[in-house]
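Residue numbers (full-length UniProt numbering): 1 to 221. Have a look at the structure below, then the notes.
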């Protein structure tokens with residue numbers, strides 16, 4: 001089987017989510033950097049691969065797809081069908097899908113904050129912070145007494161939210177307000193790809209800091 005081609009940019013949160021699955025499943029991969037800072041995603045040769053010009057994008061022996069949560073499901077379904085990462089049981093899978101949707105909502109709310117930072121704002125409106133914190137509060141409550149995001153086994157929902165949580169930390173969200181999530185994050189330190197995720201999140205804040213006045217200050221100061 002030919003190596004999986006992965007088009008990516010290291011600071012990109014969705015890439016970091018997919019990298020967890022690649023490392024966990026030990027997938028042979030050819031990694032191709034698409035430098036967003038140089039707008040390489042808009043070059044004609046990449047637009048032929050992905051007209052939506054988003055990252056990550058995979059090419060699995062000619063089968064091309066993007067959107068990180070869809071890629072996570074595909075990789076497990078194709079490379080490890082029936083794995084506890086994304087089990088066949090409809091109820092277990094339904095819970096994972098629900099958590100992935102919540103993660104998407106959190107990332108969308110966080111994206112609104114990051115967009116403000118990019119625009120030069122130094123003060124984040126309270127309502128935008130509250131939106132992120134409300135969603136995090138729901139997830140914090142959902143995992144009470146559980147080891148992982150969708151129960152007691154590691155799943156692709158953890159891979160996706162690990163990326164989101166690392167991003168929340170570096171952009172100044174007060175994640176310490178959510179003890180269950182803090183315990184979960186500590187528990188995941190042994191997951192293959194954890195350090196890649198941490199390094200990518202650090203690269204993201206460095207990228208933001210190089211272009212704005214924001215240096216990762218706490219939202220709540």
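Quick reminder that beta carbons are idealized off the backbone N, C-alpha and C, glycines included.
- request: Return yes when the Cβ of residue 117 is within less than 8 angstroms of the Cβ of residue 214, no when it is not.
  value: yes
field: Pick from 159, 119, 207 and 105 that is closest to residue 133, judged by C-alpha positions
entry: 105
field: Exposed unless 16 or more other CB atoms sit within 10 angstroms - verdict on residue 167
entry: buried
- request: Would you mind working out which of 188, 51, 41 and 60 sits nearest residue 28, comparing C-alpha positions?
  value: 60
- request: Give me the Cβ distance between residue 25 and residue 79, rounded to the nearest whole Å; I'm assuming they're in contact under 8 angstroms.
  value: 5 angstroms
Sufficient close CB pairs (3 or more, under 8 angstroms) joining the region 176–189 to the region 108–115: Touching, no.
message: Taking the alpha carbon of residue 220 as the reference point, which residue from 142, 157, 122 and 135 has its own alpha carbon closest?
response: 122
message: To the nearest angstrom, how far is the alpha carbon of residue 216 from that of residue 205?
response: 7 angstroms
message: Just list the residues that DSSP pairs residue 66 with in beta bridges.
response: Residue pairing from DSSP places residue 66 in a beta bridge opposite 57.
- request: Report the residue from 43, 157, 145 and 210 whose alpha carbon sits nearest the alpha carbon of residue 86.
  value: 157
- prompt: Exposed or buried, which one is residue 201 when buried takes at least 16 other CB atoms within 10 Å?
  reply: buried
query: Looking at residue 165 and residue 21, is the spacing between their C-beta atoms short of 8 angstroms?
result: no
field: Among 98, 37 and 138, the one whose alpha carbon lies nearest that of residue 207
entry: Closest by alpha carbon: 37.
task: Specify, as a first and last residue, the run of the beta strand (DSSP E) that residue 4 falls within.
output: 4–8
Residue 18 - DSSP class collapsed to helix/strand/coil: helix
query: Helix, strand or coil: which one does DSSP assign to residue 43?
result: If DSSP states are grouped into helix, strand and coil, residue 43 belongs with coil.
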